[in-house]
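Everything on this sheet refers to the single structure shown next.
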Amino acid sequence: MSRTVTMERSSVNAIGRFKLRWGFWGQTLFITLLALAFFGPVVNLLLWTVAESWFFPHAVPNEWGLKYWGQVFNPYSDVSGSLFTSVMIALASVMVCLLVSIPAGYAMSRRSMPWRLAFMLLFLLPQAFPNLTVYMNMARIFYSWNLNGTILGVILVHSVHGLMYSVWISVAAFSAIDPMLSRASRNLGAGPIYTFIHVVLPQATPGLIAASIFVFLESLDEFTGTFFVGAPEVSTLPLLLYSASMEGNYQISSITALILLVPSIGFMLLINRFMRPEVLSKLGQ
Amino acid sequence: MAHLSIQQLQVSYGDKTVLHNIDLNIQQGEMVALLGPSGCGKTTLLNALCGFVPVGSGSIFMAGKDITNQPPEQRNITMVFQSYALWPHMTVAQNIAYGLKVRRVPKTEIAERIKEMLEIVKLSGLENEKVTQLSGGQRQRVALARALVVKPDILVLDEPLSNLDAKVRLSVRHEIKALQQRLGFTSVIVTHDQEEALVMADRVAVLNNGHIEQIGTPEEIYQSPKTPFVADFMGADNRFVYAPKITGKAFRLYLPKTSLELHHLIYFRSSAASICKDLDNRNLDGLTLTGTVEQSAFLGQNYRHNVRHGEQLIQADSPDCWPLDSEVSVHVPPHALYVYPHMARSA
Ligand SMILES: Nc1ncnc2c1ncn2[C@@H]1O[C@H](COP(=O)(O)OP(=O)(O)O)[C@@H](O)[C@H]1O
Ligand SMILES: [Mg+2]
Numbered sequence: 001m002s003r004t005v006t007m008e009r010s011s012v013n014a015i016g017r018f019k020l021r022w023g024f025w026g027q028t029l030f031i032t033l034l035a036l037a038f039f040g041p042v043v044n045l046l047l048w049t050v051a052e053s054w055f056f057p058h059a060v061p062n063e064w065g066l067k068y069w070g071q072v073f074n075p076y077s078d079v080s081g082s083l084f085t086s087v088m089i090a091l092a093s094v095m096v097c098l099l100v101s102i103p104a105g106y107a108m109s110r111r112s113m114p115w116r117l118a119f120m121l122l123f124l125l126p127q128a129f130p131n132l133t134v135y136m137n138m139a140r141i142f143y144s145w146n147l148n149g150t151i152l153g154v155i156l157v158h159s160v161h162g163l164m165y166s167v168w169i170s171v172a173a174f175s176a177i178d179p180m181l182s183r184a185s186r187n188l189g190a191g192p193i194y195t196f197i198h199v200v201l202p203q204a205t206p207g208l209i210a211a212s213i214f215v216f217l218e219s220l221d222e223f224t225g226t227f228f229v230g231a232p233e234v235s236t237l238p239l240l241l242y243s244a245s246m247e248g249n250y251q252i253s254s255i256t257a258l259i260l261l262v263p264s265i266g267f268m269l270l271i272n273r274f275m276r277p278e279v280l281s282k283l284g285q
Numbered sequence: 001m002a003h004l005s006i007q008q009l010q011v012s013y014g015d016k017t018v019l020h021n022i023d024l025n026i027q028q029g030e031m032v033a034l035l036g037p038s039g040c041g042k043t044t045l046l047n048a049l050c051g052f053v054p055v056g057s058g059s060i061f062m063a064g065k066d067i068t069n070q071p072p073e074q075r076n077i078t079m080v081f082q083s084y085a086l087w088p089h090m091t092v093a094q095n096i097a098y099g100l101k102v103r104r105v106p107k108t109e110i111a112e113r114i115k116e117m118l119e120i121v122k123l124s125g126l127e128n129e130k131v132t133q134l135s136g137g138q139r140q141r142v143a144l145a146r147a148l149v150v151k152p153d154i155l156v157l158d159e160p161l162s163n164l165d166a167k168v169r170l171s172v173r174h175e176i177k178a179l180q181q182r183l184g185f186t187s188v189i190v191t192h193d194q195e196e197a198l199v200m201a202d203r204v205a206v207l208n209n210g211h212i213e214q215i216g217t218p219e220e221i222y223q224s225p226k227t228p229f230v231a232d233f234m235g236a237d238n239r240f241v242y243a244p245k246i247t248g249k250a251f252r253l254y255l256p257k258t259s260l261e262l263h264h265l266i267y268f269r270s271s272a273a274s275i276c277k278d279l280d281n282r283n284l285d286g287l288t289l290t291g292t293v294e295q296s297a298f299l300g301q302n303y304r305h306n307v308r309h310g311e312q313l314i315q316a317d318s319p320d321c322w323p324l325d326s327e328v329s330v331h332v333p334p335h336a337l338y339v340y341p342h343m344a345r346s347a
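Top to bottom, those sequences are chains V and D. If you're matching positions, the first sequence starts at 1 in UniProt numbering and goes up one per residue. If you're matching positions, the second sequence starts at 1 in UniProt numbering and goes up one per residue.
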């Protein structure tokens, strides 16, 4: 009697194990495929960064080495300079976009504002035309203002592009705030500015942070506008990447792309620290 | 002189007038209830007091000073919002401290007053909690503490109990009343619940469609409603139309000081009516009528009967359950009848 029971149990176990195995392998397969789709290109890129030569039919590089890293980081290369320029431009674009979209977003979040939708569509307008046309025209205008080839010009181009995201996200962030919260603040004796700083802004912060991340990443990646307005005087990492790729130097361009990841991830980590509720509540004090 | 004086106040949203010529005086230390059905303009009146909606005409005086056009932050009238409107990015203590910080009260004094306030509203120990983690009753007390800690000239509460479940509501009702008596603050409380208004307020103002129908002590409002609306709203929801020509066996009205030659609207509470088999041969004062029992419902203490009298249907309570379709007499004594001239007919 007891034996049959154990036998039954073990067979149940076997089925269970089989099911578990199947689930395990299925999952593994699925995740592997997903990872390949996502990271395949990245693996290729990583391989290129440590390849000294790699010819077509071979699956892996013929010669491994860090020669090109040395090239990129030697004092005469302009990678570090471009990296610095890129990050500075991205940070400045974030500042400009926030400066515009905080008041604009707040104003447009109010139902009472006339022409609300018209203003919001205005910020989408540059996106309605082909990028190239917009940037060529901007370059022409900037030329007459002596902004061509200046950092300021590039910042402005990136900001115009970033504003589309940041304004719309800010409008959404400010609109989501319960109007009773600022009413309560006024009710307890705070003026409109105090209320904005201590109640409205902290409530909108998560949205504004999301907007900043967008603007930062977009600016870091931006090529077309920088090319038309900034080149050749202003050199950002994407421009460097472009010329390296054009010369067929996959090693340099891969390493540059990898470096481009560093500020992106760094910025997101930094922002992520600020996204915590405790920090937000400190902002509100 | 009244502490707060509202004179001929009129408020509109666009071309829709929500408050018509409101006159209301509130004495120092008094608790006044604004009672009325949903949408009658109670919240709008509070918003006008706090400066959140512009006033069309009329004026508001606070201790003799005209505050009609002052911005909200300069009035010392604080509000407990219906939705509480606590700031979710601040702790309990930060929420309560806000008004004091704005007033630049020294840090040590702020700490003292928060501690004192937390004790008063029984939230000690929760000062560092996030307000989002509190229960409805606790949030409500934070809102109350936040509004009270700045020592307002007037505290206004917008349906403070409406978001609480029935059991908590009763205890919070008592707490607010006890607090008001202990601290002696002047307050206006908005409610659509007549019982709440009667229990809590020193005086009740009944609002209907942006008009004040009656102002008086809870006893006055309950026992002598001045208009059909107030009578109905205070639970005298039996409406009986009296026409002079229809008298006789089925119906009799004897009232002192009331002309029986005119049309009247008569209101009374079901609990004030009594049911008998036959009252015909006694000449009682008040209203007597006969009718058929159409329906009865058990209410616990007694039964409520729907009695059909011609075209009119009235409700009467009785300790006994009368069988359906039985012929009964209903009697209401004169002091429980609220009689108003029936304009449409007698004109
Ligand atoms: N912001 C507003 N705009 C237009 N109409 C409003 C506004 N607020 C309230 N009303 C209208 O005013 C009337 C009174 O509203 P309210 O004061 O909120 O009533 P209560 O608080 O007594 O329920 C309602 O008919 C409502 O629809
Ligand atoms: Mg209301």
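Yeah, the Cβ is synthetic: ideal placement off N, Cα and C, and Gly gets one too.
Leu100 (chain D), enclosing alpha helix (DSSP H) - first and last residue: Counted as a single uninterrupted DSSP element, the alpha helix (DSSP H) harbouring Leu100 (chain D) occupies residues Val92 to Val102.
Extent of the continuous beta strand (DSSP E) run through Lys16 (chain D): Lys16 to Ile26 is the span of the beta strand (DSSP E), which, as asked, contains Lys16 (chain D).
Whole runs of the alpha helix (DSSP H) within the region 145-201 of chain V, excluding any shorter than 4 residues: At a cut-off of 4 residues, the continuous stretches assigned as alpha helix (DSSP H) that sit fully inside the region 145-201 of chain V are 151-175, 179-187 and 192-195.
Continuous beta strand (DSSP E) assignments of at least 3 residues falling wholly in the region 83-170 of chain D: Entirely contained in the region 83-170 of chain D, the beta strand (DSSP E) runs reaching 3 residues are, in chain order, 154-158.
Val102 (chain D) at chain V interface by Cβ criterion, 7 Å: So yes, Val102 (chain D) belongs to the interface.
For Tyr267 (chain D) and Gln28 (chain D), the rounded distance between their alpha carbons: Between Gln28 (chain D) and Tyr267 (chain D), the alpha-carbon positions lie close to 35 Å from each other.
Limits of the unbroken alpha helix (DSSP H) element including Ala59 (chain V): Ala59 (chain V): not part of any alpha helix (DSSP H); DSSP gives it neither H nor E.
Chain-ordered chain V contacts of Glu73 (chain D) [CB-CB under 9 Å]: Here the neighbours are Ser185, Arg186, Asn187, Leu188, Gly189, Ala190, Gly191, Pro192, Tyr194 and Thr195.
Validate contact between the region 36-44 of chain D and the region 133-150 of chain V using beta carbons, cut 8 Å, 3 pairs: Not touching, per the Cβ criterion.
Opposing strand residues paired with Asp317 (chain D) [DSSP bridges]: D:Arg304, per the DSSP bridge assignment.
Between the CA atoms of Gln194 (chain D) and Leu299 (chain D) - distance to the nearest angstrom: CA-to-CA, the gap between Leu299 (chain D) and Gln194 (chain D) works out to about 19 Å.
Beta carbon of Val92 (chain D) nearer than 7 Å to that of Glu119 (chain D): Going by C-beta atoms, Val92 (chain D) is not nearer than 7 Å to Glu119 (chain D).
Identity of the residue in V:Gly266, V:Ile271 and V:Ile255 nearest Gln71 (chain V) by Cα: For Gln71 (chain V), the closest alpha carbon among the candidates V:Gly266, V:Ile271 and V:Ile255 is that of V:Ile255.
Cβ-based burial, His174 (chain D) [other Cβ within 10 Å; buried from 16]: By the 16-neighbour rule on beta-carbons within 10 angstroms, His174 (chain D) is exposed.
Interface partners of Cys321 (chain D) on chain V, CB under 7 Å: Ordered by position in chain V, no residue passes the 7 Å Cβ test against Cys321 (chain D), which lies about 50 Å from the chain.
For Ala197 (chain D), the first and last residue of its enclosing alpha helix (DSSP H): Gln194 to Met200 is the span of the alpha helix (DSSP H), which, as asked, contains Ala197 (chain D).
Backbone CA spacing between Ala273 (chain D) and Ala316 (chain D) [nearest angstrom]: Put simply, the backbone Cα of Ala273 (chain D) is about 5 Å away from that of Ala316 (chain D).
For Met113 (chain V), three-class secondary structure by DSSP: Three-state DSSP puts Met113 (chain V) in coil, outside helix and strand.
Classification of Gln27 (chain V) by the beta-carbon crowding that lies within 10 angstroms, buried from 16 upward: With fewer than 16 neighbouring CB atoms inside 10 Å of its own CB, Gln27 (chain V) falls in the exposed class.
Closer than 6 Å: Cys50 (chain D) CB and nearest ligand 1 heavy atom: Not one heavy atom of ligand 1 sits closer than 6 Å to the Cβ of Cys50 (chain D).
Three or more C-beta pairs below 8 Å linking the region 111-130 of chain V and the region 198-211 of chain V: Cβ pair count under 8 Å is below three, so no.
Contacts around Tyr106 (chain V), its chain only, beta-carbon distance under 6 Å, and the 5 residues preceding and following it disregarded: Excluding positions up to five away in sequence, the list reads Phe174.
8 Å Cβ cut-off: residues of chain D touching Met180 (chain V): Chain-ordered, the chain D residues with CB closer than 8 Å to the CB of Met180 (chain V) read Phe81, Ser83 and Ala85.
By C-beta, the residues closer than 5 Å to any heavy atom of ligand 1, given in chain order: Taken from the N-terminal end onward, the list reads D:Tyr13, D:Val18, D:Ser38, D:Gly39, D:Cys40, D:Gly41, D:Lys42, D:Thr43 and D:Thr44.
Whole-Å CB distance - Pro37 (chain D) paired with Gly51 (chain D), under 8 Å assumed: With 8 Å as the limit, Pro37 (chain D) and Gly51 (chain D) do not qualify as a contact, their Cβ atoms being about 25 Å apart.
For Val332 (chain D), the residue or residues it bridges with in DSSP: Answer is D:Leu287, bridged to Val332 (chain D).
Contacts that Gly99 (chain D) makes with chain V (C-beta to C-beta distance below 7 Å): For Gly99 (chain D), the C-beta contacts it makes with chain V under 7 Å involve Leu188 and Gly189, in order along the chain.
First and last residue of the uninterrupted beta strand (DSSP E) at Ile60 (chain D): Note, Ile60 (chain D): beta strand (DSSP E), Ser57 to Met62.
Under 7 Å from the C-beta of Val199 (chain V): neighbouring residues of chain D: In chain order: Trp87.
Residue from D:Val55, D:Glu112 and D:Lys107 whose Cα sits closest to the Cα of Gln10 (chain D): The residue with the shortest Cα to Cα distance from Gln10 (chain D) is D:Val55.
Asn209 (chain D) versus Lys16 (chain D): straight-line alpha-carbon distance, rounded: For the pair Asn209 (chain D) and Lys16 (chain D), the Cα-to-Cα distance works out to about 12 Å.
Contact set between Thr78 (chain D) and chain V, taken where Cβ atoms lie within less than 7 Å: Listed by position along chain V, the residues whose Cβ is nearer than 7 Å to that of Thr78 (chain D) are Asn187 and Leu188.
Collapsed DSSP secondary structure at Met95 (chain V) in the structure displayed: Met95 (chain V): helix per DSSP, three-state reduction.
Whole-Å CB distance - Lys122 (chain D) paired with Arg141 (chain D), under 8 Å assumed: That belief holds up - the Cβ atoms of Lys122 (chain D) and Arg141 (chain D) are roughly 7 Å apart, short of 8 Å.
Cβ pair count under 8 Å reaching 3, the region 213-224 of chain V against the region 233-245 of chain V: Taking 8 Å as the limit for Cβ pairs, the verdict is that the region 233-245 of chain V does touch the region 213-224 of chain V.
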